[in-house]
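See below for the structure under consideration.
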Ligand code: RP5
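Residue numbers (the numbering used here): -15 to 150.
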């Protein structure tokens, strides 16, 4: 891996079953050409790997970590406990509580160790990636221009919307 394509954003998730949701974060980073990596790291099934990932993140050059998990979703908070790299948490919908459990587990971090928490599901995954893009754009004018263009497209699409009125 060259310096140029070294990952700047790490995407982790508690299970391969989270991929349906988390793929939207990957797709968004791909769209903006942001170097990234994605892998399964489970908080309760791979705690040692989770800590190793968090502890090495900053030295490996990661500028943001997007962490998605469902149910009693410890992953984003525990990763945040071990690194000062900003952690963006994505609540993945769960089978019985539809992700409300995931959301509350991730969002209610005690004061001092933040996890920026996003909407449940696909929108949250995509918006976490867009936030990572915005963070990187603070020091990357080309990326900032891409983000402005992305927003302008949405404005144009909204302005072109019509309603089926008689
Ligand atoms: C969490 O448990 C994962 O993030 C996933 O959302 C949930 C269920 O995992 P699997 O049983 O599908 O592997 O750790």
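Every residue gets a Cβ at the ideal spot worked out from N, C-alpha and C, and that includes glycine.
Start-to-end residues for the beta strand (DSSP E) that takes in residue i
i: residue 21; result: 20 to 24
Range of the contiguous alpha helix (DSSP H) that encloses residue i
i: residue 72; result: First-last for residue 72: 71 to 76, but that is the beta strand (DSSP E), not the alpha helix (DSSP H).
i: residue 6; result: 3 to 15
i: residue 61; result: 59 to 65
i: residue -3; result: From DSSP, residue -3 is part of no alpha helix (DSSP H) but of the beta strand (DSSP E) over -7 to -3.
i: residue 38; result: 31 to 41
i: residue 88; result: 84 to 91
Coarse secondary structure for residue i, derived from DSSP in three states
i: residue 97; result: coil
i: residue 104; result: coil
i: residue 142; result: helix
i: residue 150; result: coil
i: residue 135; result: helix
i: residue 111; result: helix
i: residue -12; result: coil
i: residue 27; result: coil
i: residue 124; result: coil
Residues that DSSP places opposite residue i in a beta bridge
i: residue 52; result: -3 and 74
At a cut of 8 Å, does the stretch -8 to -1 reach the stretch 19 to 39 through at least three beta carbon pairs? yes
Below 8 Å, how does it come out for the stretch 0 to 16 and the stretch 57 to 77: are there three or more Cβ pairs, yes or no? yes
Is the stretch 79 to 93 touching the stretch 47 to 65, taking contact as three or more C-beta pairs under 8 Å? yes
Below 8 Å, how does it come out for the stretch 114 to 133 and the stretch 4 to 13: are there three or more Cβ pairs, yes or no? yes
With contact counted as at least three CB pairs below 8 Å, one residue from each stretch, are the stretch 87 to 96 and the stretch 125 to 132 in contact? no
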